[in-house]
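*Asks:* In the working numbering, the protein residues as written are -3 to 335.
We put the CB at the ideal spot given by N, CA and C, even for glycine.
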Amino acid sequence: MQEENHMEMTPSDIPEIELSRAESPRYEFRAECLLKLGDGKSINGEATNISRNGLFLQMENLIPGCGPNQRGQLEIIATLQDKRFRVCAPCRIVHVRGSGIGIQFESMDKEAINDLDRLVSTLSKYNAYYSKGKNRLLKTKYNIVAFFYDILDYPWERQYRFWRPKLLNDVRNRVLEMGVGTGRNLKYYHPTVQLTGIDISEQMLFRAERRSKTAACSIGLYKEDATVMALIPSSHYDWLISFFLCCVMPDRLQPFAIEQVGRVLKPGGRFRLLEMVYSKDPKLRKRQDFFAPFVERVYGARFDRNTLGYLDKSENLKVTNTYFIKEDTYLVIEGIRIL
Ligand SMILES: C[S@@+](CC[C@H](N)C(=O)[O-])C[C@H]1O[C@@H](n2cnc3c(N)ncnc32)[C@H](O)[C@@H]1O
């Protein structure tokens, strides 16, 4: 399963990742797993979506009869750069989908919990490093655009302001808003909401901070990258809200943001996204084509992002509803964390 000359390590021995190696590929990280089931069968595979609660295992060998609620012992051998470490935990199969199985950790001892925490936070750091460079451009763009964002967006905001309260009407409890921008949503949250708002641009956040004074709910605003969310705890939020972020986010980064959504939502937690997409109506499409270069240059936004496609590939998020709030251009995507 792994090279013999690797040094065996526990997560507490993991060295700091060399953050200066700009040319390193994104995933020199691999997490190979061996799941030993109670009935003596075992499954090999590679883990994706590792969180404190569980992971998704892409199986190499399919075991007939392997299904939900079977219990076993999971051994994760994670390889990072040229180092290797091991975490073992009792677990339960939550679901089997295609060649993958959702696995939840169970009654771990303190040592295993610590090991897993180290593993998850190391992964976060690693992701943080690799997405930093790619997002710098967008961050710089929004730090500049922030100075005139509200003026520039005013013609559109005149319609958005009627949609925002409708889209936030049923949102309650712990809420994470990704790409909070200048805080246009803040005043529409229910007073009982405990909101965490994140954005990559400090200038946008500065404006959101001012706008937070008009809100009825409790609000914490943080500079955070949605593809990393290093400060955001796992399985913590009842809702994730994000308007016009995915149309702005480059396609290659979207799977990472979606992975984070699957991590920070509680199992059963819901998400609602609002995005712009290309219309099928030729007249509207012509108008969008006319505005597309401006929209991309100023906001970094595009009408052809493949957000639904990436969500479809997610192992623990499920899209439950999509509808257009206006014409066939403003798309609402709703879903739930299933694992
Ligand atoms: C088009 S604005 C939308 C703002 C707000 N959601 C609204 O409805 O008015 C997109 C926002 O996403 C933020 N953003 C872009 N990439 C991000 C990332 N990777 N992580 C967090 N925020 C990001 C930008 O800084 C900007 O504030």
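Report the CB separation of ARG301 from GLN250 in whole angstroms; it is logged as a contact under 8 Å.
*Replies:* Rounded, the Cβ-Cβ distance is 7 Å, consistent with contact.
*Asks:* Who are the Cβ neighbours of VAL167 in its own chain at under 8 Å, not counting the five residues just before and after it?
*Replies:* The residues are TYR185, HIS186, VAL189, TRP235, ILE237 and ARG268.
*Asks:* Are ARG207 and GLY179 closer than 9 Å when you measure CB to CB?
*Replies:* Yes, the Cβ-Cβ distance between ARG207 and GLY179 is below 9 Å.
*Asks:* Which residue comes first and which comes last in the alpha helix (DSSP H) that contains LEU282?
*Replies:* In the sequence under discussion, the amino acid at residue 282 is Lys, which differs from the Leu named in the question. 278 to 295 is the extent of the alpha helix (DSSP H) around LYS282.
*Asks:* Would you grab the beta carbon distance between GLN199 and TYR274 for me? Rounded to a whole angstrom, and I think it's under 8 Å.
*Replies:* At roughly 29 Å, the Cβ-Cβ gap does not stay under 8 Å, so GLN199 and TYR274 are not in contact.
*Asks:* Give me, in chain order, the residues of the same chain whose beta-carbon lies closer than 6 Å to that of TYR306; leave out the 5 immediate sequence neighbours on both sides.
*Replies:* Answer for TYR306: GLN250, PRO251 and ILE254, listed in chain order.
*Asks:* On a CA-only basis, which of ASN45, VAL90, PRO64 and ILE140 is nearest SER340? Give me that one, please.
*Replies:* Because the chain in this structure spans residues -3 to 335, residue 340 falls outside the shown range and cannot be described.
*Asks:* Would the beta-carbon of PHE287 be found less than 8 Å away from any heavy atom of ligand 1?
*Replies:* Checking the Cβ of PHE287 against ligand 1 gives no.
*Asks:* Please find out if some non-hydrogen atom of ligand 1 comes closer than 8 Å to the beta-carbon of MET55.
*Replies:* No - ligand 1 has no heavy atom lying nearer than 8 Å to the Cβ of MET55.
*Asks:* Whose C-beta lies closer than 8 Å to the C-beta of GLN284 among residues of the same chain, with five residues either side of it excluded?
*Replies:* TYR274, SER275, PHE299 and THR325, listed in sequence order.
*Asks:* Could you compute how far the alpha carbon of GLY258 sits from the alpha carbon of ARG170?
*Replies:* If you take the alpha carbons of GLY258 and ARG170, they lie about 15 Å apart.
*Asks:* Grab me the residues of ALA211's own chain with a C-beta within less than 7 Å of its C-beta, minus the 5 sequence neighbours each way, in chain order.
*Replies:* For ALA211, where only same-chain residues beyond five positions count, the Cβ hits under 7 Å are LEU182, LYS183 and TYR185.
*Asks:* Tell me where the beta strand (DSSP E) around GLU153 begins and ends.
*Replies:* That residue, GLU153, is in no beta strand (DSSP E); its alpha helix (DSSP H) goes 150 to 164.
*Asks:* Quick one: is GLN(-2) buried, meaning 16 or more other Cβ sit within 10 Å of its Cβ, or exposed?
*Replies:* Confidence at GLN(-2) is low in this model, with a pLDDT of 36, below 50, so the placement of that residue should be treated as unreliable; the coordinate-derived value is given next. It is exposed - the Cβ of GLN(-2) has fewer than 16 other Cβ atoms within 10 Å.
*Asks:* Would you identify the three-state DSSP class for VAL176, choosing helix, strand or coil?
*Replies:* If DSSP states are grouped into helix, strand and coil, VAL176 belongs with coil.
*Asks:* Please confirm whether ARG82 and LEU33 have their CB atoms less than 9 Å apart.
*Replies:* The answer is no: Cβ separation not under 9 Å.
*Asks:* Is LYS322 buried or exposed, if buried means 16 or more other CB atoms sit within 10 Å of its CB?
*Replies:* Exposed, since its Cβ has fewer than 16 Cβ neighbours within 10 Å.
*Asks:* Could you tell me which of SER38, PRO60, ILE59 and PRO64 sits nearest to GLU71, measuring between CA atoms?
*Replies:* GLU71 has its Cα closest to that of SER38, out of SER38, PRO60, ILE59 and PRO64.
*Asks:* Measuring only from the beta carbon, is SER238 closer than 8 Å to any heavy atom that is part of ligand 1?
*Replies:* True, at least one ligand heavy atom lies under 8 Å from that Cβ.
*Asks:* Is the segment 190 to 197 close to the segment 213 to 221, with three or more CB pairs under 8 Å?
*Replies:* Flag = yes, the segment 190 to 197 and the segment 213 to 221 touch.
*Asks:* Based on Cα-Cα distance, which residue from ASN317, PHE240, THR318 and GLY264 lies nearest to TRP152?
*Replies:* The residue with the shortest Cα to Cα distance from TRP152 is PHE240.
*Asks:* Would you call the CB atoms of GLY41 and ILE97 closer than 9 Å?
*Replies:* Their beta carbons are under 9 Å apart, which means GLY41 touches ILE97 by this criterion.
*Asks:* Let me confirm a value: ASP35 is counted as buried when at least 16 other C-beta atoms fall within 10 Å, else exposed. Which label applies?
*Replies:* Result: exposed.
*Asks:* Between which residues of its own chain and ASP247 is the CB-CB distance below 7 Å, once the five residues before and five after are set aside?
*Replies:* Excluding sequence neighbours, ASP247 sits near ARG301 and ASN302.
*Asks:* THR318 and VAL328 look like a contact to me (Cβ under 8 Å); what is the Cβ gap, rounded to whole Å?
*Replies:* THR318 to VAL328, Cβ: 7 Å. Contact.
*Asks:* Which word fits THR136, buried or exposed, when buried means at least 16 other C-beta atoms lie within 10 angstroms of its C-beta?
*Replies:* So THR136 ends up on the exposed side.
*Asks:* What are the boundary residues of the alpha helix (DSSP H) that includes ASP308?
*Replies:* Element bounds for ASP308: 303 to 309.
*Asks:* Quick one: using the 10 Å Cβ neighbour count with 16 as the cut-off for buried, is ILE73 buried or exposed?
*Replies:* Buried, by the Cβ-count rule.
*Asks:* Compute the Euclidean distance between the alpha carbons of ASP221 and LEU119, then round it to the nearest angstrom.
*Replies:* Cα to Cα, the separation comes out at about 15 Å.
*Asks:* I believe VAL92 touches GLY63 by the beta-carbon criterion, under 8 Å. Please report the beta-carbon distance rounded to the nearest angstrom.
*Replies:* Rounded, the Cβ-Cβ distance is 6 Å, consistent with contact.
*Asks:* PHE101 by DSSP, collapsed to three states: which one?
*Replies:* Three-state DSSP puts PHE101 in a strand.
*Asks:* Would LEU112 and ALA27 qualify as a contact pair, given that the criterion is a beta-carbon distance under 9 Å?
*Replies:* Taking 9 Å as the Cβ cut-off, LEU112 and ALA27 do not qualify as a contacting pair.
*Asks:* Specify, as a first and last residue, the run of the beta strand (DSSP E) that MET272 falls within.
*Replies:* Looking at the DSSP string, the run of the beta strand (DSSP E) that includes MET272 is 261 to 272.
*Asks:* For ligand 1, is there a heavy atom less than 8 Å away from the beta-carbon of ARG180?
*Replies:* Result yes, Cβ under 8 Å from ligand 1.
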